[in-house]
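Single-structure report; data block below.
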Amino acid sequence: MVRKQRHSSWQSVFKRIGEKEKLLPRLRNVFLEKVNRQRALMAVSFLVMVAILQINLVPQTIELELGKPSPKEVRAPRTVINAVKTEELQEEAAAKALEEALPKPEFQIISAQARNQAVALVSGVFAVFDSARGGRGEEPPTERELEHQVQRVRAELVVLKEEFAAMPPEEIKALLLMGDEDYDRVKKGVRQIFPAIQADERISPERIDELKKDLDRFLLTYPLLPQDHEPARALLSAMLFPNLVPDQAKLRQVQEEARKRVTAVTIEKGSLILREGEIVTSEHIRILRDLALIDNQGNRLLIFFSLALFSLFILGIGFFYLYRFHRKILQEENLLYLLTLVILVVLATAKIMSLPDISELRYLIPLPFAGVILTILLNPQVAWVANALLSLMTGVVADFNLSLTVFYFISGTISIYSVSNITQRKEMIRTGGVLAGVNFCAAVTLGLLFGERNFLNLLSIAMVGGFNGIFSIALANGFLPFLEQLFRVTSALSLLELANPNMPLLKRLLIEAPGTYHHSIIMGNLAEAAADAIGADSILVRVGAYYHDIGKLQRPYFFVENQIAQDNP
């Protein structure tokens, strides 16, 4: 039984090996098809782009506990706003603005409850007088009884409002002793005048004394008799109260404006947040959470997914542009490999040079190198689109720096225009000078536009940007022959060098077969004119014409015009 099981297990092993042997030829057959190789290249490019972009952008998780020592030193992986400090400063600014605004009249309004409070107060006051007057007998009170009654009324009024303590006793007596008709007239007048004053007049504590002197203006608006004015004035003077309250809407607006004026406190990239062994506080937790260094699983996935979508978006634009306008590059794999390699290498270089927190180094990324190489080896149109996409990606890898995106878009565009009609390698030197000047001016302009006011920083960035122009052109000039050989692409510069009469092969043709040489030159001129007429590559046609009879140097008898009285070998 055991032997049978062993036998079956060996059979399964051999079967798997046989399946693998069949699988390899299948994979080879799959990759023999051009479409499948292109799909594989797209997939690899996508993965490499995502891998490059996510470095230092997708934060790593740090295990920390509140109140416990930090197991390691923690620095900010990128610049972020310190929300804790910023909120503290904002609240301080809001509190100071509120303190300054509260005493100002423009931030005070008449209380909506002023009329109701006035009605309640005047009702309470006259309720006291009604009660005192209702307890009178038919006989007028004695002086002693009247004094006692005045004191009792004053005490009840003071309970309603302390200012009644200063009300002259003569006015209280007058209100207690006046006839019912006169009393009702005063009562009715005060009931109407006082709520109107409290509802319409802006009464601050400082203005009450001023308003007491101006009560006649209100008394004249109601038909009171002259003898009614003094008791009514006494009642109104005692009842007046401040009716202004803070205008909450305006105060909130003032506080919000004060908060907005506060400059956000930032934690710069590379700043120390926690020392090793330092006790973790709630403020540390808040900062680390803002940096997505803790509790960041969802945030990490979101950033990674966003970068993957961005990479897909960039690849999609590039592919559909080539498919629509330059399908030849998709059909000739060496050109597609060249384009992909240049873009990925420049992107990786941009990422490496943006990792250190040195702003000047980011202006040394040789992005114009890609524009120059692709213009010379492919065409300016493809180079321009590649430059635009690379500029976008460079801004992303450099911590989403919009200034760098614009700078490299300008720099790459100028480099493409400068080499689009180049005829000699020495013209690359002129291109480097032009690009250096443009980069210098662009760095200064963008620095000022994006708020850089430190002259030395601006000058250092501009000088590095200018050097980048020379550096990128020199790099392109050095790598151009290597890339031509590697991807079997002949540039216009190489063709022009082949057309140089001083080329050894053409010199030999001139010496050994002058007639053929003259014929080749004439054919080159005619072919170039024909190519210009139909929009073909005139340089390629001319060079082809120059060398079309070059075989006559080695075996002239292979050519029919030289086979006179002899058989064709």
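First residue of the sequence shown: 710, per the numbering used here; consecutive thereafter. Where is the CB? At the ideal position from N, CA and C, for every residue including glycine. Note that the structure is predicted; figures quoted are calculated from it, not measured.
N-terminal and C-terminal residue of the beta strand (DSSP E) that residue i is part of
{"i": "Leu-983", "result": "981-983"}
{"i": "Pro-955", "result": "953-955"}
{"i": "Gln-817", "result": "817-819"}
Exposure of residue i, with buried meaning 16 or more beta-carbon neighbours within 10 Å
{"i": "Val-711", "result": "A caution first: Val-711 carries a pLDDT of 41, below 50, which makes its placement in the model unreliable, though a value can still be read off. The residue is exposed, with fewer than 16 neighbouring Cβ atoms inside 10 Å."}
{"i": "Gln-1133", "result": "exposed"}
{"i": "Lys-922", "result": "exposed"}
{"i": "Asn-745", "result": "exposed"}
{"i": "Asp-1258", "result": "buried"}
{"i": "Ser-1296", "result": "Residue 1296 lies beyond the residue range present for the chain, which begins at 710 and ends at 1278; the question has no answer from this structure."}
{"i": "Ile-1279", "result": "Residue 1279 lies beyond the residue range present for the chain, which begins at 710 and ends at 1278; the question has no answer from this structure."}
{"i": "Pro-1075", "result": "buried"}
{"i": "Phe-723", "result": "Per-residue confidence for Phe-723 stands at a pLDDT of 43, beneath the threshold of 50, marking its modelled position as unreliable; the derived number appears in the next sentence. Under this definition Phe-723 is an exposed residue."}
{"i": "Gly-1233", "result": "buried"}
{"i": "Asn-1211", "result": "exposed"}
{"i": "Arg-1251", "result": "buried"}
{"i": "His-1227", "result": "exposed"}
{"i": "Leu-1045", "result": "buried"}
{"i": "Thr-930", "result": "exposed"}
{"i": "Trp-719", "result": "With a pLDDT of 44 at Trp-719, under the threshold of 50, the predicted position of this residue should be treated as unreliable, though the coordinate-derived value follows. The residue in question, Trp-719, is exposed, as its Cβ has fewer than 16 Cβ neighbours within 10 Å."}
{"i": "Glu-1237", "result": "buried"}
{"i": "Arg-1071", "result": "buried"}
{"i": "Lys-896", "result": "buried"}
{"i": "Asn-677", "result": "This structure does not reach residue 677, given that the chain is present from 710 up to 1278, and the question cannot be answered."}
{"i": "Lys-1261", "result": "buried"}
{"i": "Ile-1085", "result": "buried"}
{"i": "Thr-1140", "result": "buried"}
Enclosing alpha helix (DSSP H) for residue i [first to last residue]
{"i": "Leu-830", "result": "823-843"}
{"i": "Val-868", "result": "852-869"}
{"i": "Thr-1154", "result": "1136-1158"}
{"i": "Lys-896", "result": "889-909"}
{"i": "Leu-1165", "result": "1164-1196"}
{"i": "His-1035", "result": "Unbroken run through His-1035: none, as it is neither H nor E."}
{"i": "Ala-1059", "result": "1042-1063"}
{"i": "Phe-927", "result": "925-928"}
{"i": "Lys-882", "result": "878-886"}
{"i": "Glu-1161", "result": "Taken as a continuous stretch (DSSP letters only), Glu-1161 belongs to no alpha helix (DSSP H), as it is neither H nor E."}
{"i": "Glu-992", "result": "991-999"}
{"i": "Leu-920", "result": "917-921"}
Supposed contact pair residue j and residue i - C-beta distance, whole angstroms, cut 8 Å
{"i": "Asn-1177", "j": "Leu-1113", "result": "About 11 Å separates the two Cβ atoms, so there is no contact after all."}
{"i": "Leu-1144", "j": "Gly-1156", "result": "Contact flag wrong, Cβ pair sits at about 18 Å."}
{"i": "Leu-1204", "j": "Leu-1249", "result": "6 Å"}
Cβ of residue i within 8 Å of any chain C Cβ
{"i": "His-1227", "result": "As a matter of chain content, chain C is missing from the structure shown, which is built from one protein chain."}
*Check whether the stretch 880-887 touches the stretch 933-950, counting contact only when three or more Cβ pairs, one atom from each stretch, lie closer than 8 Å.*
yes
*Between the stretch 1098-1112 and the stretch 1049-1056, are three or more C-beta pairs nearer than 8 Å?*
yes
*Length at least 4, wholly inside the stretch 944-978: the alpha helix (DSSP H) runs in chain order*: 957-970
_With three or more C-beta pairs closer than 8 Å as the rule, is the stretch 950-963 touching the stretch 987-1001?_
With the cut-off at 8 Å, the stretch 987-1001 and the stretch 950-963 do not touch.
*Cβ contact check for the stretch 800-808 and the stretch 851-858: 3 or more pairs under 8 Å*: no
_I'd like to know if the stretch 912-920 and the stretch 833-843 are in contact, where contact means that at least 3 CB-CB pairs between them fall below 8 Å._
no
*State whether the stretch 1186-1204 contacts the stretch 1147-1157, with contact taken as three or more CB pairs (one from each stretch) at a distance under 8 Å.*
no
*asked:* With three or more beta-carbon pairs closer than 8 Å as the criterion, would you say the stretch 1122-1141 touches the stretch 1074-1089?
replied: Three or more Cβ pairs closer than 8 Å define a contact, and the stretch 1122-1141 meets that threshold against the stretch 1074-1089.
*Is the number of C-beta pairs between the stretch 929-937 and the stretch 741-760 that are closer than 8 Å three or more?*
Inter-segment contact for the stretch 929-937 and the stretch 741-760 is absent: fewer than three beta-carbon pairs are separated by less than 8 Å.
*Give, in chain order, every unbroken run of the alpha helix (DSSP H) that is at least 4 residues long and sits entirely within the stretch 1069-1124.*
1076-1086, 1089-1106
*4 or more residues per run - each alpha helix (DSSP H) lying fully within the stretch 1199-1257*: 1201-1207, 1213-1221, 1223-1243, 1247-1256
*Looking at C-beta atoms only, is the number of pairs between the stretch 1084-1093 and the stretch 1019-1035 that lie closer than 8 Å three or more?*
yes
*Please specify which runs of the alpha helix (DSSP H), each continuous and at least 4 residues long, are wholly inside the stretch 756-812, giving them in chain order.*
792-810
*Decide if the stretch 809-823 is in contact with the stretch 897-912; the criterion is three or more beta carbon pairs, one per stretch, under 8 Å apart.*
yes
*Can we say the stretch 860-873 touches the stretch 778-797, given the rule of at least three CB pairs closer than 8 Å?*
no
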